[in-house]
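Student: Quick note: the sequence shown, position 107, residue 107 per full-length UniProt numbering, numbers continuous.
This is the structure I want to talk about, given as structure tokens.
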Amino acid sequence: MSTAVVYCSQTGFTEKYARWLAESLGTRAVPFADRASAGVAAAETVVFLSWFHAGGLKGARWLRSVMDARPERRYVVVGVGAYPMPSDEWPKSETDAGFEHAFPHERYPRLARFYCQGGFDFDRLCALDKLAMRAFFRMQAKEAETDPRAAFALDAMREGFDGTRREYLQPVLEHLRG
Ligand SMILES: Cc1cc2nc3c(=O)[nH]c(=O)nc-3n(C[C@H](O)[C@H](O)[C@H](O)COP(=O)(O)O)c2cc1C
Numbered sequence: 001m002s003t004a005v006v007y008c009s010q011t012g013f014t015e016k017y018a019r020w021l022a023e024s025l026g027t028r029a030v031p032f033a034d035r036a037s038a039g040v041a042a043a044e045t046v047v048f049l050s051w052f053h054a055g056g057l058k059g060a061r062w063l064r065s066v067m068d069a070r071p072e073r074r075y076v077v078v079g080v081g082a083y084p085m086p087s088d089e090w091p092k093s094e095t096d097a098g099f100e101h102a103f104p105h106e107r108y109p110r111l112a113r114f115y116c117q118g119g120f121d122f123d124r125l126c127a128l129d130k131l132a133m134r135a136f137f138r139m140q141a142k143e144a145e146t147d148p149r150a151a152f153a154l155d156a157m158r159e160g161f162d163g164t165r166r167e168y169l170q171p172v173l174e175h176l177r178g
């Protein structure tokens, strides 16, 4: 079965997941800029990996248009964010909200959605995102005074971190092979 893997990444964390996944599937990971050559039109399964940006998912509009044109195929989206993997402290409902915003269940009931923690690398951000993050840090600093989760997130992002783990892709692989 042919599977097209397309990814959108600014600082490299989503790219890492895309390369791991493609390697496990024996295919290639194609960057978003080259999506026209990814073989999406002929693929039976389309996997799109992208990163969360202010509650939305970069490139979601593209995937929506692909799904709208060919709804009968199998689609999988892997969202990558700074948010930790779901736990009691960081409930799945919070990352699910981002997926729901990008791909409402009512409209895309068959789309499989998976979350993988990425990382944060301020130096590799574009100028506009650097500005946005500076504003976010200021806002978080206030919240961090009373909210331990905000304090944890702020420290991690200020220092930078790589939260990627290949094993986080296991549920995606099981779904694709199942
Ligand atoms: C401007 C901006 C907004 C972000 N918004 C979110 C968000 O809403 N939720 C989240 O979990 N991570 C958010 N992040 C963190 C990124 O999703 C995270 O750093 C991701 O690993 C980046 O992937 P990349 O390395 O493939 O570009 C944001 C990062 C930036 C720069």
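Glycine residues also receive a C-beta, built at the ideal position from the N, C-alpha and C atoms.
What are the boundary residues of the alpha helix (DSSP H) that includes R138?
Tutor: A127 to A144
Student: How many whole angstroms separate the CB atoms of G118 and A82, which I take to be in contact at a CB cut-off of 8 angstroms?
Tutor: 6 angstroms
Student: Is DSSP giving L49 helix, strand or coil here?
Tutor: strand
Student: Tell me L57's beta-bridge partners as DSSP assigns them.
Tutor: According to DSSP, which records beta bridges pairwise, L57 is partnered with F52.
Student: Distance, Cα to Cα, Q170 vs F114?
Tutor: 10 angstroms
Student: Who are the near neighbours of L49 in its chain, counting only those whose CB is closer than 6 angstroms to its CB and skipping five residues on each side?
Tutor: Y7, T14, Y17, A18 and V78
Student: Let me know the alpha helix (DSSP H) ranges lying completely inside the stretch 71-126, each 4 residues or longer, listed in chain order.
Tutor: 92-102
Student: Among the residues of its own chain, which have a CB less than 8 angstroms from the CB of L173, if the five just before and after it don't count?
Tutor: L21, S24 and L25
Student: Using a Cβ-based criterion (distance less than 6 angstroms to any ligand heavy atom), does D123 qualify as near ligand 1?
Tutor: no
Student: So what does F161 bridge to, in DSSP terms?
Tutor: F161 is bridged by DSSP to F120.
Student: I'd like to confirm something about Y83: is its beta-carbon nearer than 6 angstroms to some heavy atom of ligand 1, or not?
Tutor: yes
Student: Identify which residue in L131, V66, G55 and A54 has its Cα closest to the Cα of A36.
Tutor: V66
Student: Would you say the beta carbon of F13 is closer than 6 angstroms to some non-hydrogen atom of ligand 1?
Tutor: F13: yes, Cβ under 6 angstroms from ligand 1.
Student: What does DSSP give as the partner residue(s) for A4 in the beta ladder?
Tutor: V46
Student: So, with DSSP's three-state summary, where would you put V40?
Tutor: In the structure shown, V40 sits in coil (DSSP, three-state: anything other than H, G, I, E or B).
Student: Measuring only the C-alpha atoms, how far is D162 from F120?
Tutor: 7 angstroms
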